[in-house]
Each structure stands twice: as structure tokens, then as C-alpha cells.
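A.B. asks:
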């Protein structure tokens, strides 16, 4: 299903009318409820929020009872389902929406009532969600994106029948007509790119989202706190067991991230017309989102640990107003060869396109400022490990070496360039990230110099581009940093250039 | 004032209220009290070298947080509101110079916590799409004027 953008991006209009005062919470003419399937959708969403605490309760209950799952487990599970359904019903009962000639209105909220009015002329796009639940009940989830800054979708209607979605689209189109744009039919895209099946597989294999490990470890440690017996049995005590446990965890995380990538990026297609990008993706939840080109602040080329050796990269975009949404929502394309990136950007986001090479690196004398903190961090981690079974003192201290190596890699990856008013900053934490942004789009920039850097004539430059994106180059020549700082301040200097070196 | 990294843009020149030092001292007091409590606990439970460490830490924190740091910080803080941008410079060990273009300021407000209210100070907070930036420790009246001036300057242009 397509989504309907409205109006070309013009000068930034003032934010949409915010929630009315409590006096404005009376019913509005023509209000409707969500489709009853909304109860299920809301309940499932609530259940997802409850899953982790429930799992811990159940695990704790079953292990502590010293046997298999018992009545306690069933009771916890049932209680969770009942709570989720109650939340779903409460949400469904208290949500009402209406659309008139001028605005979309939603009244919602169980404990604190809220009314949101969005004028049709401010609607940027209607994004739809077509997941397995929605398909089952033949409804769609709708997100109304507006031109307001800094918030996720203004209005979320979890389950609407197709007829209501059409009414919304017609109203938004009417609003677009009122705003001065006539759109007969959807124009053919000017540029398009689709992720092939094999590319999807490679992207999934190399996505390496290790954050899952941290979450799993946290959950597991919470269970362990209640179960000393389990702790004795399961905590590894020889070096071999540690290695096996670590490898097992990594493998599990890798498998989960493969699954996650496939579910998120299957059928990924990005296309562009004169004013908007359209991104369709998803295996179970089919998402269709529209992004006005004018709201793109920066492009991030991310070369992850598993992708860099193969010359692959993922491209993300920072979109004004979307920063609270999870990372997948801001992916412009999940996998590309690094050499293809400039041409791809030229086609799809010409306003932000730039080359990836020719960056000015930090000077040689900055290397020890990258390597030493890394070595120190490794050393501290090693010292901490020495106190943990199996007490392998002093071998963990060798962690200082990979720490220093990581610092060296960071030094090699750092670079910056300001050319024709476009800024490029590259840095590395785990992945190597290159941020491309027009200098005129920066939200703020800063120059930083510690006392130690003063003596070495080095300085740091940091920029903030959006709520989710910032970039920093550390330990560059102080003179270059000063000139970069000055040039970035000259807003509107379209052909601004700063060359590195003395 | 030390130059640090030379830039073509003139350095900001306005300072914070002298009372800002007391604001930072009072805010640092909380940390010192926590460390003192910790030192007392160490003395009571462990005694010996550990308790010495606790007292030393508390003493060091007291000197730094209450004596040295607020004075140095206040001496280094500079700010300026120009038509095109807000220019800030602050920091002791690491000097940071920040530039916020006026076009990017979405809105500006003043806030005062309890300590600030007691001292007649206020903080001006600038909101951009990327987050907030603050000028602390201004006298209340001046903070109000700065806020109004920035609000007026941002009204003339409208951008994301």
C-alpha cells in the first residue's frame, strides 16, 4: 500500500497546534473508534513490553522451584496475558479519532487524557504498517507524520479498516490541494534501488548487532541473583569454559542479529521523486514510509566491524523529527559496496551527496593520544578480570595490547574535510562512520582543547547535526581546527573550503 | 585570558554573575557530603588504611569542588549573543568554544533551580533540533533580557 505525502517542503511552518487545554476534551463531531482489531494490536504491543519481566519471573519461578515449569509459571503467564488484554481494551475504549476538512483529531489516553489536532496542511505523510496481525484482521496501522520538529509520528492509529485509511488519504490530499499542490497520480520515481535477496543475506550475516548480548546478560544476571544454586552450576570456572561461554554468547547474538536484519530489511526498496524519498521494507511488518528530502540533515556511511574487511557499508540518514525512532527506521540502504556509495548518494539524495575519500587525517603526534587511552582501558579491564574466576593473573593484563591496537585503528580512521560547503567527518568506535552533512545544516559546532593538547598544538572539533547525530574529530592540528571552526560559522558560505595542513 | 586555539571570530566577552561561584559551590557541597558520609562509613566499618583513603578523597573533593573549581570556572566562562549566533566559551582543564547559529535556535527559556532562586540567578537554555545548550549563572534580570533578545532574533528567520 502506498503512503501519501502532502505538499512540497517549503519554509518551516510553525509547529502544529498542540494539545488543547483540558477544556477542549469534549467529543468532536463525527468521531470514530479504531477497528476492534485495535484491541488485539494494542494488547500484543503491551505484551511485548511485558515479555522481559514476565520471562524473568517465569524463569525465576521455575528454576527456584527446583523442577520444571509448574503452576506458578502458568499463573504468571496467564496474568501477563490478562494484563495485556486489559491494556488493549482500555486503549481501544479511550481512543477516538476524526477527520474533518481542516484537521485530523485524536483523543486518547487512559489515565491522562490528551487531544491532538493536526491541521491537514501540516501533514507530511501517512505511513502505513501492514504486519501479520494487521493482515489477519484486514486493517492497517497508520502513522501521520507532520512537519513538527523533534517528535515521532504525531498521530498513531493502530488499526484502521481500509475504507478509513482511504478517507484519511483523501482528506490529506485535499489538504495538499489547499496547500497549493495538485497531485493527480503518483509520478514515476526519479531513482530507485532495491535490495536483492543475496544482498539481504550478506547484510544479515554481517550486521553484527551485539547490543543484544548486553540485554541478555543483564536479564541472565538478574535471574542469577535469586538463584545461588544455578550460579554455582552455570558459571564457568576454567579458562576453557569461559571461552566456550563467551563463544556461545557471541554465536547466539549473531544468530539473533541475522534474524533481526532479515525481518527488518527484506524487500528493501528506496525510491525518490522530486521532493520525497519513499522507503519500503519489512518481512513480517511491511512498512511504507515517506521522507521529505528537505528534512534530511545528514548521511551516515557506516562500515561495521564485519563489513569493513569486505568493503561493504550501510547508509543511514538523519531526518529532522525522526530521531526517536529506532535505527532501522533511518536506514537509507542496508548494504552497498563502498565504491558505489557516492554514486548512490548522487542519485538518491543529491543535496547531501559527497565523496568518501580525501579526508585530512590527524597528525602523527596524535597517535599516542589515541593509543594510550585504549591501552589504559584494556589494562583496567584486564585488572578487573584478574579478580574473577579462574584468576588467570597476570594474563588478562595483556588486554592492554588490543586496547592500544584499537586506539591505533581509531587514529587511522579519523579524518575530516570541508569542501564546497559540505562537511565530511569520519571516526571510529567499533564501526567506521563517515558523516556527510552540508555545513549550513549544522545545529551547532564547538572547538575544544585541553591543557595537554595546548602544548601539542592539537584540538578537537565537534558538530551536532540532529538529535541523533553528532560527529567529532579529535586531536587534529589546532590551526586547522581554528579555521574549520571559523568557516563553519560563516553560514550560507556555499563554497566554503578548508584545506588541511599548515 | 589565554588564547587557546586562535580563531578569526572574536572571542565572547561577557561574564557570568559573581554569585555563580556560590551556585557551583553549593551544588558541589552535595557531592562532598556524600563522600564525607562514605568516609565515615569506611572509618566505622573498616578502619585503618581504607578509612584514610576515604578521608583523603573527601578532603580532596572538598578543596576542589568548593574552593578551586568554582573560582576557575567562573573566571573562564564567557558568552555573547550576536545577531547571527550565540558564542560560548567555558572550561578549565578543557576549554570549549561553542557556536550556536541563531537560525537553529528553536526556542529559548530560562530556568531556575532552588539554589539559583536563592542566589538571584537563572540559566538561559537554548533549544535546537540537536538538543540544548545553556548559559548558567546569570542574574535574573539579565537572563530575562537575554532570553527576550534571542527570542526576538530567532523570529526573524525560520529554518529547521
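Residue numbers (the working numbering), protein chains in the order written: chain A, 12 to 513; chain B, 20 to 179. Built from N, CA and C at the ideal position, the CB exists for glycine as well.
So if DSSP puts residue 427/A in a beta bridge, which residue, or which two residues, is it bridged to?
C.D. replies: Beta-bridge pairing links residue 427/A to 371/A and 436/A.
A.B. asks: Please report the distance separating the alpha-carbon of residue 408/A from that of residue 448/A.
C.D. replies: Whole-angstrom Cα-Cα distance: 41 Å.
A.B. asks: With a threshold of 8 Å on Cβ separation, who are the neighbours of residue 152/B within its own chain once the five nearest residues in sequence on each side are excluded?
C.D. replies: Answer for residue 152/B: 105, 107, 117, 119, 144 and 145, listed in chain order.
A.B. asks: Hey, is residue 476/A's beta-carbon within less than 8 Å of any beta-carbon in chain B?
C.D. replies: So yes, residue 476/A belongs to the interface.
A.B. asks: Does residue 104/B have its Cβ less than 8 Å from a Cβ in chain A?
C.D. replies: Closer than 8 Å: yes.
A.B. asks: Quick one: measure Cβ to Cβ for residue 349/A and residue 323/A, integer angstroms, because I've assumed they're closer than 8 Å.
C.D. replies: Indeed they touch by this definition, with Cβ atoms about 7 Å apart.
A.B. asks: Would residue 342/A count as contacting chain B if we go by Cβ distances under 8 Å?
C.D. replies: For residue 342/A, the answer is no, since every Cβ of chain B falls outside 8 Å of its Cβ.
A.B. asks: I'd like to know whether the C-beta of residue 116/B is nearer than 8 Å to at least one C-beta of chain A.
C.D. replies: It does; some Cβ of chain A falls within 8 Å.
A.B. asks: Near residue 40/B, what residues of its chain come up, given a Cβ to Cβ distance below 7 Å and the 5 sequence neighbours on each side ignored?
C.D. replies: Hits under 7 Å: 89, 90 and 93.
A.B. asks: For chain B, check one thing: does any of its Cβ atoms lie closer than 8 Å to the Cβ of residue 2/A?
C.D. replies: Any property of residue 2/A remains undetermined from this structure, which presents chain A solely from 12 to 513.
A.B. asks: Any C-beta of chain A sitting closer than 8 Å to the C-beta of residue 49/B?
C.D. replies: Not one chain A Cβ lies under 8 Å of residue 49/B.
A.B. asks: Give the list of continuous beta strand (DSSP E) stretches no shorter than 3 residues that lie fully inside the region 66-145 of chain B.
C.D. replies: For the region 66-145 of chain B, whole beta strand (DSSP E) runs of length 3 or above, ordered along the chain, are 97-100, 104-109, 113-120 and 126-130.
A.B. asks: CA-CA distance, residue 82/A and residue 64/A?
C.D. replies: The straight-line gap from Cα to Cα measures roughly 18 Å.
A.B. asks: Can you give me, in chain order, the residues of the region 150-163 of chain B that have a beta carbon less than 8 Å from any beta carbon in chain A?
C.D. replies: Those would be 150 and 152, in chain order.
A.B. asks: State the start and end residues of the unbroken alpha helix (DSSP H) segment that holds residue 161/B.
C.D. replies: Its alpha helix (DSSP H) spans residues 159-174.
A.B. asks: According to DSSP, simplified to helix, strand and coil, what is residue 486/A?
C.D. replies: Three-state DSSP puts residue 486/A in a strand.
A.B. asks: Listed from N- to C-terminal order along the chain, which residues in the region 453-473 of chain A have their beta-carbon within a distance smaller than 7 Å of any beta-carbon of chain B?
C.D. replies: If the cut-off is 7 Å between Cβ atoms, the region 453-473 of chain A has 454, 455, 456, 457, 458, 459, 460, 461, 462, 465 and 470 near chain B.
A.B. asks: Which residues of the region 488-501 of chain A have a Cβ closer than 7 Å to any Cβ of chain B? Give them in chain order.
C.D. replies: Result list: 489, 492, 493, 496, 497 and 500.
A.B. asks: Is DSSP giving residue 154/A helix, strand or coil here?
C.D. replies: It is a strand residue.
A.B. asks: Just the Cα atoms here: how many angstroms apart are residue 282/A and residue 429/A?
C.D. replies: Approximately 28 Å between the Cα atoms of the pair.
A.B. asks: If you draw a straight line from the alpha carbon of residue 481/A to that of residue 457/A, how long is it in whole angstroms?
C.D. replies: So the alpha carbons of these two residues sit roughly 11 Å apart.
A.B. asks: Determine the DSSP secondary structure at residue 25/B, reduced to helix, strand or coil.
C.D. replies: Coil.
A.B. asks: With a threshold of 16 other CB atoms inside 10 Å of the CB of residue 169/A, please say whether the residue is buried or exposed.
C.D. replies: By the neighbour-count rule (16 or more Cβ atoms within 10 Å), residue 169/A is buried.
A.B. asks: Taking only runs of the beta strand (DSSP E) that begin and end inside the region 283-308 of chain A, which ones reach a length of at least 3 residues, in chain order?
C.D. replies: If we require 3 residues or more, the beta strand (DSSP E) runs fully inside the region 283-308 of chain A come out as 287-292 and 297-303.
A.B. asks: Would the C-beta of residue 40/B count as close to the ligand SAM, meaning under 7 Å from any of its heavy atoms?
C.D. replies: Within the structure as shown, the ligand SAM is missing, as the structure has no ligands at all.
A.B. asks: Does the region 459-479 of chain A come close enough to the region 51-64 of chain B that 3 or more CB-CB pairs lie under 8 Å?
C.D. replies: No, the region 51-64 of chain B is not in contact with the region 459-479 of chain A.
A.B. asks: Out of curiosity, what's the CA-to-CA distance linking residue 149/A and residue 172/A?
C.D. replies: Distance between the alpha carbons of residue 149/A and residue 172/A is about 7 Å.
A.B. asks: Pull up the DSSP beta-bridge partners for residue 471/A, would you.
C.D. replies: According to DSSP, which records beta bridges pairwise, residue 471/A is partnered with 459/A.
A.B. asks: Among 293/A, 341/A and 280/A, which one has its Cα closest to the Cα of residue 141/A?
C.D. replies: Measuring from the Cα of residue 141/A, the nearest candidate turns out to be 293/A.
A.B. asks: What did DSSP end up calling residue 251/A once you bin it into helix, strand or coil?
C.D. replies: In the structure shown, residue 251/A sits in a helix (DSSP, three-state: H, G or I).
A.B. asks: Using a Cβ-Cβ cutoff of less than 7 Å, which residues in the same chain neighbour residue 105/A once the five nearest sequence positions on both sides are dropped?
C.D. replies: Only 119, 120 and 121 meet the Cβ criterion.
A.B. asks: Could you name the residues of chain A that residue 25/B contacts, counting a contact when the two beta carbons are closer than 9 Å?
C.D. replies: Here the neighbours are 489, 490 and 493.
A.B. asks: Whose Cβ in chain A lies nearer than 7 Å to the Cβ of residue 119/B?
C.D. replies: Residues of chain A passing the Cβ test: 455.
A.B. asks: How is the alpha helix (DSSP H) around residue 354/A delimited, first residue to last?
C.D. replies: 352-359 is the extent of the alpha helix (DSSP H) around residue 354/A.
A.B. asks: Looking at the secondary structure, which residues open and close the beta strand (DSSP E) in which residue 109/A lies?
C.D. replies: Residues 107-110.
A.B. asks: For residue 454/A, does the three-state DSSP call read helix, strand or coil?
C.D. replies: Three-state DSSP puts residue 454/A in coil, outside helix and strand.
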